[in-house]
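Trainee:
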Amino acid sequence: MKYSGNLSKMKTHHGEVVEYNLDLNGANVALNSFVGEKISLTFTGDINCCNCGKQVKKSYNQGYCFPCTIKLAECDICIVRPELCHYDKGTCREPKWGEDHCLKPHVVYIANSSGLKVGITRRTQVPTRWMDQGATQALPMMEVTSRLQSGIIESTLKAYINDKTDWRKMLKGGQNTYDLKLESKNLIRQAAADLEHLEFDILEDETYSFTYPVKTYPEKVSSINIEKNPVIAQKLMGIKGQYLIFEKGVINIRSHTGYQVELEV
Ligand SMILES: [Zn+2]
């Protein structure tokens, strides 16, 4: 079968194995069934902004044209650094968007992606956020009323635990298994003095675990530059996070949002 369209973040479903679907021009391609098969993904050379659709040579912020990165709230620095949310100062680029996305319940979690890490997400992004990250385990620790609050807690906890995923390590697989409830208790105890003046509810959730459709993990992780090598015709070895793992390299589908491709399976 042949499909064509603009790439967008793969949709995930939390099943026994994480299920991946790629929407290409309205066709829903169930990718799990092609793991172990040779597929071809070809970049046509055109990119469309995922917000305004304008054709661009280069995209920013995982899929936007430059003018859109300047005007949209979702491209503001406070999205990567939520502790810098400036809605209260009246300077949000799009206050309505802020109200719908940032002034909503958020969760501070502990996850195991390339190792233990802390992170934040909107309540409604549970458990999607963790599958996008390639986490094998995750546990919501606290709930707060806004993105700003979650960001303040996250930046407090950063002193005690990692907040980044090492994507190469994540894609190599073989992660240790942790007792996240225990790790979470230890973390909150360690940071107790710093957390004292902050407002949050401690959650009593269960740990989520995720298994990815991967046949073989790569020994060496190298990313494929689709601009230099626009045709990937290789065996698909697996899918983890937002990455397709091919025999000879990996590609992050989300960071190529808006790229026009042809997919043959
Ligand atoms: Zn645009």
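No gaps in the numbering here: position 149 of the sequence shown is 150 in the working numbering, and each next residue is one more. We treat Cβ as the ideally placed atom computed from N, Cα and C, and that holds for glycine. All values derive from a computational prediction rather than experimental measurement.
Please report the straight-line C-alpha distance between I153 and R123, rounded to a whole angstrom.
Mentor: Within the sequence shown, numbered from 1, the residue matching residue 153 stands at position 152. Within the sequence shown, numbered from 1, the residue matching residue 123 stands at position 122. Cα-Cα distance, rounded: 14 Å.
Trainee: Flag this pair as touching only if the region 202-209 and the region 129-144 have three or more C-beta atom pairs under 8 Å; answer yes or no.
Mentor: yes
Trainee: Would the beta-carbon of C51 fall within 7 Å of that of A74?
Mentor: Within the sequence shown, the letter at position 50 stands for residue 51. Within the sequence shown, the letter at position 73 stands for residue 74. Contact flag unset, no.
Trainee: Run the CB neighbour count on N62, radius 10 Å, all protein chains shown included, and call it buried at 16 or more, exposed below.
Mentor: Position 61 of the sequence shown holds residue 62. Here N62 is buried, its C-beta having at least 16 other C-beta atoms within 10 Å.
Trainee: Ordered along the chain, which non-local residues of its own chain (more than five positions away) have a Cβ less than 8 Å from that of H87?
Mentor: Taking the first residue of the sequence shown as position 1, residue 87 is located at position 86. Contacts found: C79 and C93.
Trainee: How far does the beta strand (DSSP E) with K97 in it reach, from first residue to last?
Mentor: Here the question's residue 97 lines up with position 96 in the sequence shown. Not the beta strand (DSSP E): K97 falls in the alpha helix (DSSP H), residues P96 to H102.
Trainee: So V36 and L237 are in contact, right, with Cβ under 8 Å, and what is the actual spacing, rounded?
Mentor: The sequence position of residue 36 within the sequence shown is 35, counting from 1. The sequence position of residue 237 within the sequence shown is 236, counting from 1. That pair is a contact at about 6 Å.
Trainee: Between the region 187-199 and the region 210-224, can you find at least three pairs of beta-carbon atoms closer than 8 Å?
Mentor: no
Trainee: Can you give me the C-alpha to C-alpha distance between T137 and E20, rounded to a whole angstrom?
Mentor: Stepping through the sequence shown from its first residue, residue 137 is reached at position 136. Stepping through the sequence shown from its first residue, residue 20 is reached at position 19. T137 and E20: Cα-Cα distance of roughly 14 Å.
Trainee: Hey, I56 and D133: beta-carbon distance below 7 Å or not?
Mentor: Translated into positions along the sequence shown, residue 56 becomes position 55. Translated into positions along the sequence shown, residue 133 becomes position 132. For clarity, residue 56 is Gln in the given sequence; the question names Ile instead. Taking 7 Å as the Cβ cut-off, Q56 and D133 do not qualify as a contacting pair.
Trainee: Can you tell me whether M2 is buried or exposed, with buried defined as 16 or more other CB within 10 angstroms of its CB?
Mentor: Here residue 2 refers to the residue found at position 1 when the sequence shown is read from its first residue. By the neighbour-count rule (16 or more Cβ atoms within 10 Å), M2 is not buried but exposed.
Trainee: Nearest-angstrom Cα distance between E265 and L32?
Mentor: The residue given as residue 265 occupies position 264 in the sequence shown. The residue given as residue 32 occupies position 31 in the sequence shown. Cα to Cα, the separation comes out at about 11 Å.
Trainee: Of the choices H102, V119, V127 and A28, whose alpha-carbon is the least far from that of N163?
Mentor: Counted from its first residue, the sequence shown places residue 163 at position 162. Residue V119 is the option with its Cα nearest to N163.
Trainee: Excluding the five sequence neighbours on either side, which residues of its own chain have a C-beta within less than 7 Å of the C-beta of C69, listed in chain order?
Mentor: Stepping through the sequence shown from its first residue, residue 69 is reached at position 68. Contacts found: C50, N52, C53 and C76.
Trainee: Compare the C-alpha of S151 against each of Y179, H107 and E184 and name the closest.
Mentor: By 1-based counting over the sequence shown, the position of residue 151 is 150. With distances taken between Cα atoms, S151 lies closest to H107.
Trainee: Comparing alpha-carbon positions, which option in E248, K170, K229 and S9 lies nearest G116?
Mentor: Indexing the sequence shown from 1 puts residue 116 at position 115. Nearest Cα to G116 within the set E248, K170, K229 and S9: K170.
Trainee: Starting from Q191, follow the alpha helix (DSSP H) in both directions and report where the run begins and ends.
Mentor: Position 190 of the sequence shown holds residue 191. Q191 -> alpha helix (DSSP H) spans L181 to Q191.
Trainee: Looking only at its chain, what residues have a beta carbon closer than 7 Å to the beta carbon of F67, apart from the 5 residues adjacent to it on each side?
Mentor: Taking the first residue of the sequence shown as position 1, residue 67 is located at position 66. Hits under 7 Å: Y61.
Trainee: Where does S224 sit, in a helix, a strand or coil, going by DSSP?
Mentor: Start at 1 with the first residue of the sequence shown, and residue 224 comes out as number 223. DSSP places S224 in strand when its eight states are reduced to three.
Trainee: So, helix, strand or coil for K257, using DSSP?
Mentor: Counted from its first residue, the sequence shown places residue 257 at position 256. With the sequence shown as reference, residue 257 is identified as His, and Lys is not the correct amino acid for it. H257 falls in the helix class under three-state DSSP.
Trainee: With a floor of 4 residues, list each alpha helix (DSSP H) that falls wholly inside the region 4-36, ordered by position along the chain.
Mentor: none
Trainee: How about S224 and V262: are their beta carbons less than 7 Å apart?
Mentor: Within the sequence shown, numbered from 1, the residue matching residue 224 stands at position 223. Within the sequence shown, numbered from 1, the residue matching residue 262 stands at position 261. No, Cβ-Cβ distance for S224 and V262 is not below 7 Å.
Trainee: Is the CB-CB distance between I111 and S185 below 7 Å?
Mentor: For the purposes of this step, residue 111 is taken as residue 110 along the sequence shown, with counting starting at 1. For the purposes of this step, residue 185 is taken as residue 184 along the sequence shown, with counting starting at 1. Yes; because the gap between Cβ atoms is below 7 Å, this pair is in contact.
Trainee: Which partner residues of S87 appear in the DSSP bridge assignment?
Mentor: The count along the sequence shown starts at 1 and reaches residue 87 at position 86. What sits at residue 87 in the sequence shown is His, not Ser. In DSSP, H87 forms no bridge with anything.
Trainee: DSSP on P141, reduced to helix/strand/coil?
Mentor: On the sequence shown, position 140 is the one that residue 141 refers to. For P141, the three-state secondary structure derived from DSSP is strand.
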